[in-house]
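Below you'll find the structure, written out as structure tokens, and then a few comments.
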Amino acid sequence: MRWSKKRASILTAFVLISCVLLLSVADPAKQFTIYTLQTTYSIEVTERQGQMYIGLMDLLGPLGATLAPSQGNNWTVQLNKAEARFTEGKDAAKIRGSTIDLGGGVLAENNRVLVPLSASFSILSSLLHKNVDFHPAGRRIFVENASVRFTSELKKAERSSLVLSFSQPVNPSIHQEGNKSQLLFKREPLISDLVNQPFDDKAIRSLNFSEENGMAALTITGDTALNVSVGSDGRTILVQTLPTPAPTTADLNKQVPVVQPSPETSVTPQSPQPAEMPAQNQGHSSPVYFVMIDPSHGGSDRGAFLSDKLDEKDLTLAMARKLKAELQDRGIAARLLRDSDVNLSLEQRAELTNAQHAGMYIAIHAGVPGQEVRVYTPALTSSSLASSSSFSPGVQSTTKPGQFLPWETAQSAFLNQSQTVALAVTGELQKRDVRSISLTAPMRPLNNIVAPAIAVELSADRLNSQDLLNPRVQSQVAASVATGIAHARAQIEAAK
Amino acid sequence: MIPRHFQIAITLLLVGILVSGIFIIKITHKEQAKTEIAADERPVAPPVGGKQERIQILVAYDEDRALRWREVTVFMPEERSLRAKEALRAVLAQYLQSPSPHLMGKGTDIKNVYLINHDTLVVDTTSQFADNHPSGILPEEMTITSLIETLSANLPEIARVKFIVDGTDRETLAGHVDLMSFYDVSSVHELAKEFE
Numbered sequence: 130m131r132w133s134k135k136r137a138s139i140l141t142a143f144v145l146i147s148c149v150l151l152l153s154v155a156d157p158a159k160q161f162t163i164y165t166l167q168t169t170y171s172i173e174v175t176e177r178q179g180q181m182y183i184g185l186m187d188l189l190g191p192l193g194a195t196l197a198p199s200q201g202n203n204w205t206v207q208l209n210k211a212e213a214r215f216t217e218g219k220d221a222a223k224i225r226g227s228t229i230d231l232g233g234g235v236l237a238e239n240n241r242v243l244v245p246l247s248a249s250f251s252i253l254s255s256l257l258h259k260n261v262d263f264h265p266a267g268r269r270i271f272v273e274n275a276s277v278r279f280t281s282e283l284k285k286a287e288r289s290s291l292v293l294s295f296s297q298p299v300n301p302s303i304h305q306e307g308n309k310s311q312l313l314f315k316r317e318p319l320i321s322d323l324v325n326q327p328f329d330d331k332a333i334r335s336l337n338f339s340e341e342n343g344m345a346a347l348t349i350t351g352d353t354a355l356n357v358s359v360g361s362d363g364r365t366i367l368v369q370t371l372p373t374p375a376p377t378t379a380d381l382n383k384q385v386p387v388v389q390p391s392p393e394t395s396v397t398p399q400s401p402q403p404a405e406m407p408a409q410n411q412g413h414s415s416p417v418y419f420v421m422i423d424p425s426h427g428g429s430d431r432g433a434f435l436s437d438k439l440d441e442k443d444l445t446l447a448m449a450r451k452l453k454a455e456l457q458d459r460g461i462a463a464r465l466l467r468d469s470d471v472n473l474s475l476e477q478r479a480e481l482t483n484a485q486h487a488g489m490y491i492a493i494h495a496g497v498p499g500q501e502v503r504v505y506t507p508a509l510t511s512s513s514l515a516s517s518s519s520f521s522p523g524v525q526s527t528t529k530p531g532q533f534l535p536w537e538t539a540q541s542a543f544l545n546q547s548q549t550v551a552l553a554v555t556g557e558l559q560k561r562d563v564r565s566i567s568l569t570a571p572m573r574p575l576n577n578i579v580a581p582a583i584a585v586e587l588s589a590d591r592l593n594s595q596d597l598l599n600p601r602v603q604s605q606v607a608a609s610v611a612t613g614i615a616h617a618r619a620q621i622e623a624a625k
Numbered sequence: 007m008i009p010r011h012f013q014i015a016i017t018l019l020l021v022g023i024l025v026s027g028i029f030i031i032k033i034t035h036k037e038q039a040k041t042e043i044a045a046d047e048r049p050v051a052p053p054v055g056g057k058q059e060r061i062q063i064l065v066a067y068d069e070d071r072a073l074r075w076r077e078v079t080v081f082m083p084e085e086r087s088l089r090a091k092e093a094l095r096a097v098l099a100q101y102l103q104s105p106s107p108h109l110m111g112k113g114t115d116i117k118n119v120y121l122i123n124h125d126t127l128v129v130d131t132t133s134q135f136a137d138n139h140p141s142g143i144l145p146e147e148m149t150i151t152s153l154i155e156t157l158s159a160n161l162p163e164i165a166r167v168k169f170i171v172d173g174t175d176r177e178t179l180a181g182h183v184d185l186m187s188f189y190d191v192s193s194v195h196e197l198a199k200e201f202e
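Residue numbers (the numbering used here), protein chains in the order written: chain A, 130 to 625; chain B, 7 to 202.
If you want it as structure tokens, here you go:
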């Protein structure tokens with residue numbers, strides 16, 4: 130009996146270890162990325178009948194297409210005024226009246242229509258009537274010449290540096306492995322005619338461009354470990370060799386004469402960093418900076434009634450999506466606290482933002498009356514703050530890691546940074562002739578956020594509330610807010 | 007000779023008429039009593055005592071996004087929590103008139119004001135104060151600021167104010183402005199400056 134128990138334990142342990150090993154060596158999910166001028170999105174790729182398939186609505190849904198209920202084996206997709214018909218099992222589709230070869234049969238699974246990945250080019254180009262560029266090996270497709278290009282320049286000095294300049298702001302994740310640095314571009318439509326560029330340099334050997342699994346990658350190979358930093362505007366990336374390690378005490382003792390370093394001088398040889406490039410991602414850290422966008426209200430909480438047909442919750446979501454796209458265009462990662470009509474309490478909004486360590490929090494609101502954009506910074510009017518001797522309005526208080534922060538006044542350490550963001554956003558709005566004003570308000574959840582936080586409120590008079598739906602107005606506001614955020618981020622990083 | 011079934015029918019009819027009559031008389035008496043109670047002008051609660059006073063109240067004006075001081079004449083009792091209640095009601099009276107400078111829902115009123123430790127006020131409002139308040143950062147902020155500033159002007163020793171709705175805590179006034187915290191009056195002075 131004892132023996133069988135032992136055998137059972139060994140068998141269980143073996144099964145568990147096997148599962149862990151299998152999971153660790155499993156292939157990452159295959160994905161296909163679609164780049165348009167407005168947005169970038171990745172969809173899942175599945176394998177059926179030895180061929181790669183994608184969901185038809187995964188491909189077309191984000192472009193605004195709608196799928197009509199199926200009639201037997203037939204499925205109709207509507208995009209603007211164009212129509213496409215797909216029949217289950219058939220390897221051809223009728224798009225805008227023309228028959229298109231799909232290179233494989235259409236599949237229907239659980240009300241999902243699957244089409245071969247290779248057909249994505251024909252479907253998009255026929256349906257959109259726009260230029261489409263398909264990179265099948267990298268599983269990337271570019272609509273309407275959406276692209277980001279780059280140039281590289283090697284500067285030889287005491288410390289060699291490679292400067293990569295991009296046509297648009299980028300925000301790659303950076304991975305270091307030995308003497309190789311890999312910049313992974315998940316959202317940027319980065320393209321290049323160059324595949325491998327060798328350098329005649331001892332420290333930085335080569336630059337390699339590759340596309341794989343819906344992403345682009347730049348790999349820089351050096352002689353030793355490299356230091357990568359992203360410029361504040363997101364358009365420049367600087368790759369440098371790491372500085373020589375600081376001499377040890379024993380080394381210093383060997384030097385003749387022995388020089389006592391003054392407070393102004395450092396014993397660590399360091400070449401000056403360009404002033405306009407505060408480091409964002411250095412060494413082994415991958416970029417974790419992102420802006421949390423909070424489309425206020427949602428679900429049963431409709432927010433302000435802007436008109437008979439317009440609730441605040443719907444407008445805030447539309448604006449938040451626009452702002453997210455604008456930020457990503459500027460190379461700043463952004464997340465939405467809600468991307469559908471769901472209830473989220475104010476506590477939950479603050480908890481999610483704080484738990485994910487957002488770099489910045491932007492709440493979107495809309496209200497009446499007014500004909501302007503109001504930018505709010507948190508007003509900490511709680512008496513618990515007033516009783517704290519460390520706080521005085523306008524002065525940055527300091528928080529230590531692990532320090533207890535009262536929930537009501539968690540924002541106190543970030544008030545100055547929040548004001549910087551508000552000023553930058555208001556400034557950008559005014560530059561674009563959008564009426565705007567900066568105010569303070571004792572608002573939830575702004576007061577509970579441990580990051581720079583502002584609320585942006587679009588306002589209109591009840592009679593003119595439809596103005597808020599004007600795409601031109603929304604785009605102008607979103608672009609201004611995004612630019613303001615980019616400037617403020619640079620200022621905050623520089624101050625750090 | 008009257009048939010037996012006819013006798014029974016007439017008897018039942020008479021009983022029915024009698025019962026209906028009694029019921030109608032009872033209803034009439036009840037209504038009379040109600041009318042009398044309604045017409046009774048005798049006080050059911052102690053009147054607002056004290057002298058007529060001219061007090062300063064801070065009124066919100068939505069149209070020009072401003073808060074302005076106004077002087078009104080109200081009966082102000084001696085007791086401090088009652089003084090606070092009357093001052094707040096004087097502000098709400100401005101908002102509940104038509105046309106209103108700052109919209110507020112019907113039924114908005116102050117139920118009670120509790121004074122704690124001489125410097126802290128807890129203001130209990132009717133549920134309509136929050137339920138029917140127009141949602142929006144600006145209108146909510148203007149309401150809270152005007153009420154706290156009015157309290158501060160008439161009871162200068164008050165340092166902290168908290169609002170509760172119908173006896174319980176409410177997270178926000180109408181989705182935006184905080185009602186959970188105790189407001190520090192000196193911080194609210196800073197807010198009011200934005201609306202000068």
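C-beta: ideal position from N, C-alpha, C; glycine also. None of these values were measured; they are calculated from a predicted model.
Residues of its chain near Arg316 (chain A), where Cβ-Cβ distance is below 7 angstroms and the 5 sequence neighbours each way are ignored: Excluding positions up to five away in sequence, the list reads Thr169 and Gln457.
The ligand GTP heavy atom lying under 7 angstroms from the CB of Ser310 (chain A): In terms of ligand content, the structure shown is empty, and the ligand GTP therefore cannot be addressed.
Chain-ordered neighbours of Gly181 (chain B) on chain A, where CB pairs are closer than 7 angstroms: His426, Asp430 and Gly432
Under 7 angstroms from the C-beta of Glu200 (chain B): neighbouring residues of chain A: For Glu200 (chain B), the chain A residues whose Cβ falls inside 7 angstroms of its Cβ are Leu568 and Thr569, in order along the chain.
Backbone CA spacing between Ser491 (chain A) and Leu153 (chain B) [nearest angstrom]: The identity of residue 491 (chain A) in the sequence shown is Ile, whereas the question assumes Ser. Straight across, the Cα-Cα distance linking Ile491 (chain A) with Leu153 (chain B) is about 29 angstroms.
For Leu102 (chain B) and Gln485 (chain A), the rounded distance between their alpha carbons: 44 angstroms
Amino acids of chain A, ordered along the chain, whose beta-carbon sits closer than 9 angstroms to that of Glu177 (chain B): Ser474, Leu475, Glu476 and Arg573
Proximal chain A residues relative to Gly142 (chain B), where beta-carbon distance stays under 7 angstroms: Ala433, Gly496 and Val497
Residue burial classification, Thr34 (chain B) (beta-carbon count within 10 angstroms, cutoff 16): exposed
Chain A contact for Asp115 (chain B) (CB, 8 angstroms cutoff): Cβ-Cβ to chain A under 8 angstroms: no for Asp115 (chain B).
From A:Leu444, A:Ser254 and A:Asp437, residue whose alpha carbon lies closest to that of Ala213 (chain A): A:Ser254
Residues near Ser192 (chain B) by beta carbon distance below 6 angstroms, same chain, minus five either side: none
Simplified DSSP assignment, three categories, for Pro574 (chain A): In the three-state DSSP reduction, Pro574 (chain A) falls in the coil class, being neither helix nor strand.
Neighbour list for Tyr505 (chain A) in chain B, Cβ cutoff strictly below 7 angstroms: Under the 7 angstroms cutoff, chain B gives Ile143.
Ala180 (chain B) vs His139 (chain B) beta-carbon contact at 8 angstroms: yes
Counted within 10 angstroms of its Cβ, other Cβ atoms place Val25 (chain B) as buried (16 or more) or exposed: Val25 (chain B) should be labelled exposed.
Continuous beta strand (DSSP E) assignments of at least 3 residues falling wholly in the region 308–361 of chain A: 309–314, 325–327, 333–341, 344–351 and 355–359
Check whether Thr506 (chain A) and Ser565 (chain A) have beta carbons under 8 angstroms apart: no
Run of the alpha helix (DSSP H) containing Asn118 (chain B), from where it starts to where it stops: Secondary structure note for Asn118 (chain B): it is in no alpha helix (DSSP H), and the uninterrupted beta strand (DSSP E) holding it is Ile116 to Ile122.
Contact under 8 angstroms by Cβ, Ala211 (chain A) with Leu166 (chain A): no
Proximal residues, the region 186–199 of chain B versus chain A, C-beta separation under 9 angstroms: Met186, Ser187, Phe188, Tyr189, Asp190, Val191, Ser192, Ser193, Val194, Glu196 and Leu197
Proximity winner among A:Val563, A:Pro327 and A:Pro581, relative to Leu544 (chain A) (alpha-carbon distances): A:Pro581
Beta-carbon proximity of Leu444 (chain A) to Leu568 (chain A), cut-off 8 angstroms: no
Status (buried if at least 16 other CB within 10 Å, exposed otherwise) for Gly363 (chain A): buried
Runs of beta strand (DSSP E) wholly within the region 274–301 of chain A (minimum 3 residues, chain order): 279–284 and 290–295
Neighbourhood of Leu435 (chain A) by C-beta distance below 8 angstroms, restricted to the same chain and skipping five residues each side: Glu441, Leu444, Ala495, Gly496, Val497, Ala589, Arg591, Ser594 and Leu597.
Residues of the region 142–174 of chain B whose Cβ lies closer than 7 angstroms to any Cβ of chain A, in chain order: Gly142, Ile143, Leu144, Glu147 and Arg166
Extent of the continuous beta strand (DSSP E) to which Gln58 (chain B) belongs: Lys57 to Tyr67
Closer than 7 angstroms at the beta carbon, the chain A residues around Asp68 (chain B): Pro498
Cutoff 8 angstroms: Pro83 (chain B) Cβ touching any chain A Cβ: no
Reference Lys560 (chain A); option with closest CA among A:Thr538, A:Arg601 and A:Ala608: Of the candidates A:Thr538, A:Arg601 and A:Ala608, the one whose C-alpha sits nearest the C-alpha of Lys560 (chain A) is A:Ala608.
Enclosing beta strand (DSSP E) for Pro245 (chain A) [first to last residue]: Unbroken beta strand (DSSP E) run through Pro245 (chain A): Arg241 to Pro245.
Where the beta strand (DSSP E) through Gly184 (chain A) begins and ends: Looking at the DSSP string, the run of the beta strand (DSSP E) that includes Gly184 (chain A) is Gln180 to Gly184.
Beta-ladder partner(s) of His494 (chain A), from DSSP: A:Glu586, per the DSSP bridge assignment.
Contact set between Asp184 (chain B) and chain A, taken where Cβ atoms lie within less than 7 angstroms: Pro571, Met572, Arg573 and Asn576
Own chain partners of Val357 (chain A) with C-beta closer than 6 angstroms, once the 5 adjacent residues on each side are dropped: Ile303, Ser310 and Val368
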